[in-house]
Amino acid sequence: MSRKTRKKYSTIIIVFILLSVEFITYLFISNYPNIQAKKLLNKYGWDVLSGGKSNEEAVILNDEYLKREISVMQISAASEIGFNPTNYEGKTIVKYYYTLKQIGKNDQLRAEIWMYKREIISAYILHAENNVRIRFWSLDTPYKKILSEIE
Numbered sequence: 006m007s008r009k010t011r012k013k014y015s016t017i018i019i020v021f022i023l024l025s026v027e028f029i030t031y032l033f034i035s036n037y038p039n040i041q042a043k044k045l046l047n048k049y050g051w052d053v054l055s056g057g058k059s060n061e062e063a064v065i066l067n068d069e070y071l072k073r074e075i076s077v078m079q080i081s082a083a084s085e086i087g088f089n090p091t092n093y094e095g096k097t098i099v100k101y102y103y104t105l106k107q108i109g110k111n112d113q114l115r116a117e118i119w120m121y122k123r124e125i126i127s128a129y130i131l132h133a134e135n136n137v138r139i140r141f142w143s144l145d146t147p148y149k150k151i152l153s154e155i156e
């Protein structure tokens, strides 16, 4: 093989390696919030069935949003394990929604994770039952307790 041909193949291999590394990096960075969220949910014993990147919503944490009754309940549940999203007032956050393998009364339980940039700032469990008052729980709430409170 001539020197020119080896140089050409070497250049092609280097370009291929660089593109592969860049692609893998892109996949990791774009999936980072889901990796972190699932890791947190698993840490507390929750199993993720689906959700994440395709189920996200951007929200501005303004005073009005933070003082809504539902937000106060969500923040209260998250604060039980040390989260305080009120520190991010005025910031745009992304909410990720997950369906869990654990079942409530009739439907799968859900989890919501709030992230600011790459930091989890809130996380809690909720149910999707019909005719049951909306309720939010800390991630460390035992599954049996959630089931009894849904009944």
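Position 151, counted from 1, in the sequence shown is what our numbering calls 156; the numbers after and before it change by one each time, with no gaps. Just so it is clear, CB atoms sit at the ideal spot from N, CA and C, and this is done for glycine as well.
query                                                                                           : result
DSSP-derived helix/strand/coil call for A83                                                     : helix
Beta-carbon proximity of S81 to F141, cut-off 9 Å                                               : yes
Sheet register partners of Q113 (DSSP bridge)                                                   : I108
Nearest-angstrom beta carbon gap, D145 and I86 [assumed within contact, 8 Å]                    : 6 Å
N- and C-terminal bounds of the beta strand (DSSP E) containing L131                            : E124 to L131
Assigned secondary structure, T97 (DSSP; H/G/I helix, E/B strand, else coil)                    : strand
Proximal residues to A128 (C-beta, below 8 Å), its chain only, five neighbours per side dropped : A42, L45, L46, A83, I86, F88, A116, E117, I118, W119 and L144
Which of helix, strand or coil DSSP assigns to K150                                             : helix
Cβ-Cβ distance between T97 and A133 below 9 Å                                                   : no
Option nearest D68 by Cα separation, candidates G95, D52 and W51                                : G95
Rounded straight-line distance, which links the Cα of T91 to that of L66                        : 8 Å
Strand pairing of A63, partner residues [DSSP]                                                  : V99
Straight-line Cα distance separating I19 from S153                                              : 59 Å
Buried/exposed call for Y70, threshold 16 Cβ in 10 Å                                            : exposed
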